[in-house]
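Start counting the sequence shown at 1347; every next residue gets the next number (our numbering).
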Amino acid sequence: MNLFLNKYDKILELPDENQSLLQRFYLPNIGENLQTFVVRDDLIHQAISGNKWRKLKYNLEKAKNENYKTILTFGGAFSNHLFAVATAGKIYGFETIAFVRGEEYEQLNPTLEYAKLSGMSIFYLNRETYRNRNNPDFQRELAKNFENPFIVPEGGSNHFALKGVAEIYKLIPFTPSYVFSAVGSGGTLAGLIDGAEKSTKIIGIPAIKNGSYMKEIIKNFISYNSENDGKIWSLFTDFHFGGFAKIDKKLVDFVYKFQQINGFEIDFIYTAKMFYAIWELAKQSYFCKTDKIVAIHTGGLQGNVGMQNKIKKILNYG
Ligand SMILES: *Cc1c(COP(=O)(O)O)cnc(C)c1O
């Protein structure tokens, strides 16, 4: 039995945005001195969680309306996006195909094992070839091998994704001073910029090292919408903890403390680094008492399963 099927009993239920909500959260040693809120998009679904549902929603709708039978997409081996697409295929009745970055693994990791069990066909592209993943000609060439698939880019980040993400603001009954989100492929931050009022500052925390190049990518995403002119947004690129999926003792200690205070789980790859960034900024008195700060819990908790060995090592050896 796959790990996730044991753990997640509601994995084939329909995603439900009404499960998400806005609630207060608190930071270690900051307590109630700041007005900090979190959008709990992790509650939307056990597998199609958080921003992955927001981004897939209108892609799935389009694929359904245009009678596509198959979805073809891209992702890393531990990708929350592949996990979500595999599940969405099962729930909504699409065949799913994934091109995965890297060589074939001798033993599938829990994410890919789950994807395969859900019926996803998995192919591997070496790192060099994978660089072409966003090139439309390359995508068409790959698609030729299958029966007219609907192509969803890596992370689900495209025009349709932005529209879904912008709907997060429906859950926030005030105009935030700041909105924070973790950044991977950039679609989520772009959607948050699209949907924001002009007085809201949107801050992205890249989960990768040297993330400042993401600025250009996000700029290109949001250019669909001239309304974005004049919106204030930035990336804080110093909270990657050494790189993608890298963690250290400071982060692990923070996550355990945070979870103890707030009573909900966060993921080590994305949201932990975002909440840590907010904590650091709070300690440096970056915010005013009157600021309303909203963090997006983008989900991704399945990724913690693959991090357990790293976490254990850090707790045992520091
Ligand atoms: C994929 C993911 C992100 C990154 O979102 P992008 O739109 O790719 O920038 C952030 N948080 C979690 C939990 C994710 O799974």
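From the three backbone atoms N, C-alpha and C, an ideal C-beta is built for every residue, glycine too. Since we're looking at a predicted model, the values are computed, not measured.
Check, Outcome
"Between the stretch 1476-1487 and the stretch 1505-1522, do three or more beta carbon pairs fall short of 8 Å?", "no"
"Mapping the DSSP letters down to three states, classify PRO1495 as helix, strand or coil.", "coil"
"Hey, out of ILE1568, ASP1355, ASN1411, GLN1605, whose CA is closest to PHE1496's CA?", "ASN1411"
"CA-CA distance, LEU1661 and PHE1600?", "12 Å"
"Can we count HIS1427 as close to ligand 1, meaning its CB is less than 7 Å from some heavy atom?", "yes"
"Taking the alpha-carbon positions, what's the LYS1659 to ASP1594 distance?", "10 Å"
"What is the residue span of the beta strand (DSSP E) that PRO1361 lies within?", "No beta strand (DSSP E) contains PRO1361, which DSSP labels as neither H nor E."
"Report the residue from ILE1443, ASN1608, GLY1652, LEU1349 whose alpha carbon sits nearest the alpha carbon of LYS1490.", "ILE1443"
"When we look at the beta-carbon of GLN1654 and count the other beta-carbons within 10 Å, is it buried (16 or more) or exposed?", "exposed"
"Which same chain residues, not among the five before or five after LEU1471, have their C-beta less than 6 Å away from its C-beta?", "PHE1445"
"Please report the distance separating the alpha-carbon of VAL1529 from that of SER1366.", "20 Å"
"Are the stretch 1446-1454 and the stretch 1513-1531 in contact at 8 Å, needing three or more beta carbon pairs?", "no"
"Please look up how many angstroms separate the CB atoms of ALA1432 and MET1466, rounded, as I've assumed it's under 8 Å.", "4 Å"
"To which residues does DSSP link ILE1551 through a beta bridge?", "ALA1528"
"Considering only the beta carbon of each residue, do ILE1548 and VAL1525 sit closer than 8 Å?", "yes"
"Quick one: is the Cβ of VAL1385 within less than 7 Å of any heavy atom of ligand 1?", "no"
"Could you round the C-beta distance between TYR1690 and GLY1646 to whole angstroms and report it? I think they count as a contact, below 8 Å.", "Residue 1690 lies beyond the range of the chain shown here (1347 to 1664); nothing can be said about it."
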